[in-house]
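Heads up: the structure comes next, in structure tokens.
Residue numbers (this note's numbering): 459 to 523.
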């Protein structure tokens with residue numbers, strides 16, 4: 459059966475069950491990423507992670523053939 463004109467203009471978003479929420483569906487990562495990085499830098503997060511992992515054995519993930 460060939461597609462009709464109504465199928466071409468149908469908004470399939472209306473056929474899905476999407477929850478109604480107060481928060482935005484998009485996180486705005488490109489805009490917020492610098493905020494995250496600055497906060498993590500101020501917390502010294504990377505240094506703390508390296509300090510916590512210093513006595514652990516190395517983890518090597520072999521990916522590929």
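The beta-carbon is built from N, C-alpha and C at its ideal position, and this holds for glycine as well.
Tell me the rounded alpha-carbon separation between residue i and residue j.
i, j, result
"residue 504", "residue 491", "16 Å"
"residue 477", "residue 486", "19 Å"
"residue 467", "residue 475", "19 Å"
"residue 514", "residue 481", "39 Å"
task = Give, in chain order, every unbroken run of the beta strand (DSSP E) that is at least 3 residues long and sits entirely within the region 467–518.
result = none
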